[in-house]
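Asks: Numbering (our numbering), first residue to last: 201 to 636. Structure incoming, see below.
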């Protein structure tokens with residue numbers, strides 16, 4: 201096709217026709233466009249000259265940009281209207297209709313836009329899960345702000361990274377963290393997600409988290425962004441997941457053996473969330489040692505906390521609760537050990553150039569390796585105090601401790617009881633403060 205000036209006109213025509221209302225005829229739509237964008241007669245008569253040709257192209261380009269900007273604005277308003285409409289409809293529905301809505305949403309294919317906000321909201325049902333829609337608005341507005349800023353100027357500049365990119369990414373991660381806590385039933389106000397929607401919401405959380413990280417790292421230096429959002433990832437995402445295994449295990453233990461309903465068991469989804477998070481960072485060649493060692497320390501301390509709990513054996517209710525707690529903590533131990541194994545797999549080696557000499561690395565409070573191994577080595581002794589000793593649980597702990605040594609997680613040998621006298625809570629707090 202010769203460059204006769206028709207390309208901008210065709211582009212405009214395609215863009216306009218894509219936004220034609222379904223209930224309006226084509227002729228009526230064209231008349232409305234002519235009234236809205238009148239073309240002067242002088243344009244047709246002057247296109248033979250170079251100045252007229254340039255002026256005509258400028259007018260078409262200007263109108264194309266106006267239509268594109270108007271189209272983006274209308275799309276954003278439409279998304280907001282759909283969310284508000286969904287919230288109002290679900291509020292008026294009865295519980296039976298809610299269950300039917302949930303079953304319908306589960307039948308939808310996961311491949312239909314799994315990363316969109318709407319697909320996440322479609323899995324939420326009325327009742328206690330509804331207040332979490334407000335946090336989803338933060339995700340929508342944050343992504344919209346990022347897109348709007350990147351369209352107008354270079355988002356990768358240092359100024360925009362500090363003032364636009366990082367604050368909106370943190371805001372989105374905090375919104376995902378609140379939604380994760382609601383999924384685990386940790387919200388104190390009771391605004392939790394209905395059981396029938398938990399598995400679908402857990403899957404959508406994985407997609408949103410990975411999509412957020414991939415889109416963010418493409419806009420600015422990855423190392424800078426990861427360093428700034430490490431606190432939100434560790435405290436807001438990883439920690440609730442690690443603590444959530446036991447909470448979900450308790451809920452699963454309450455289900456009758458004859459009831460095969462597994463709607464509340466989202467533990468495999470939580471485990472996949474951690475795995476996909478590490479795979480996402482690894483695929484972009486980002487260093488994950490700090491995040492992996494945080495997982496080891498946090499999981500080890502969670503195991504220590506759970507296996508130190510004892511119930512009141514004089515109270516029948518305490519005996520039942522203690523039995524349920526023991527079953528739940530053993531079930532959650534499988535997932536906790538899996539988290540540590542995932543964290544130890546492919547653990548990047550420490551760089552001597554970055555961390556200094558051998559003795560400097562030991563004294564550096566930002567190095568978590570020594571602390572992680574100290575906490576891990578205290579766990580077998582904790583299991584030996586059980587009466588009777590749970591051999592299977594003890595073997596699982598010994599296996600991950602051995603893997604930690606073989607993987608080179610520790611940078612020094614454990615000598616005598618000096619390490620045993622350490623105040624682990626102080627050590628953990630000082631190491632965690634390095635993340636802030």
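Ideal placement from N, C-alpha and C gives every residue a C-beta, glycine not left out. Quick caveat, the model's predicted, so the values are computed rather than measured.
Evaluate contact between the segment 413-420 and the segment 462-475, counting only Cβ atoms and requiring at least three cross-stretch pairs below 8 Å.
Replies: no
Asks: Between the Cα of residue 464 and those of 382, 417, 429, 262, spot the shortest distance and give me the residue it belongs to.
Replies: The residue with the shortest Cα to Cα distance from residue 464 is 382.
Asks: For a test of the three-state rule: what should DSSP assign to residue 212, helix, strand or coil?
Replies: helix
Asks: Below 8 Å between beta carbons: does that hold for residue 230 and residue 260?
Replies: no
Asks: Give me the Cβ distance between residue 420 and residue 379, rounded to the nearest whole Å; I'm assuming they're in contact under 8 Å.
Replies: Not quite, the Cβ-Cβ distance comes to about 25 Å (not below 8 Å), so this is no contact.
Asks: Report yes or no: is there a C-beta of chain C within less than 8 Å of the C-beta of residue 474?
Replies: Looking for chain C here will not work: only one protein chain is present.
Asks: Does the Cβ of residue 581 have 16 or more other Cβ atoms within 10 Å, making it buried, or fewer, making it exposed?
Replies: exposed
Asks: Beta carbon of residue 449, beta carbon of residue 532: below 8 Å?
Replies: yes
Asks: If we count the other Cβ atoms within 10 Å of its Cβ and call it buried at 16 or more, is residue 446 buried or exposed?
Replies: buried
Asks: Measure the CB-CB distance between residue 484 and residue 417 and report whether it falls below 8 Å.
Replies: yes
Asks: Output the boundary residues of the alpha helix (DSSP H) element that contains residue 444.
Replies: 439-453
Asks: Just mark residue 490 as buried or exposed, buried being the case when its beta carbon has 16 or more other beta carbons within 10 Å.
Replies: Residue environment: residue 490 is assigned as buried (16 or more neighbouring CB atoms within 10 Å of its CB, all protein chains considered).
Asks: Roughly how far, in whole angstroms, is the beta-carbon of residue 540 from the beta-carbon of residue 600, given that I think they are within contact range, below 8 Å?
Replies: 5 Å
Asks: Once DSSP output is grouped into helix, strand and coil, what is the label at residue 219?
Replies: coil
Asks: Tell me which same chain residues have a C-beta within less than 6 Å of the C-beta of residue 369, skipping the five on either side of it?
Replies: Take residue 369, set aside five residues on each side of it, and the residues of its chain with a beta-carbon closer than 6 Å to its own are 416, 429, in chain order.
Asks: At what residues does the alpha helix (DSSP H) containing residue 589 begin and finish?
Replies: For residue 589, there is no enclosing alpha helix (DSSP H), as DSSP marks it with neither H nor E.
Asks: Considering only the alpha carbon of each residue, which of 530, 544, 572, 574 lies closest to residue 595?
Replies: Among 530, 544, 572, 574, the Cα nearest to that of residue 595 is on 530.
Asks: Identify which residue in 598, 385, 604, 538 has its Cα closest to the Cα of residue 570.
Replies: When the alpha-carbon of residue 570 is set against those of 598, 385, 604, 538, the nearest one is in 604.
Asks: Roughly how many angstroms separate the alpha carbons of residue 399 and residue 469, rounded to a whole number?
Replies: Each residue's alpha carbon lies about 7 Å from the other.
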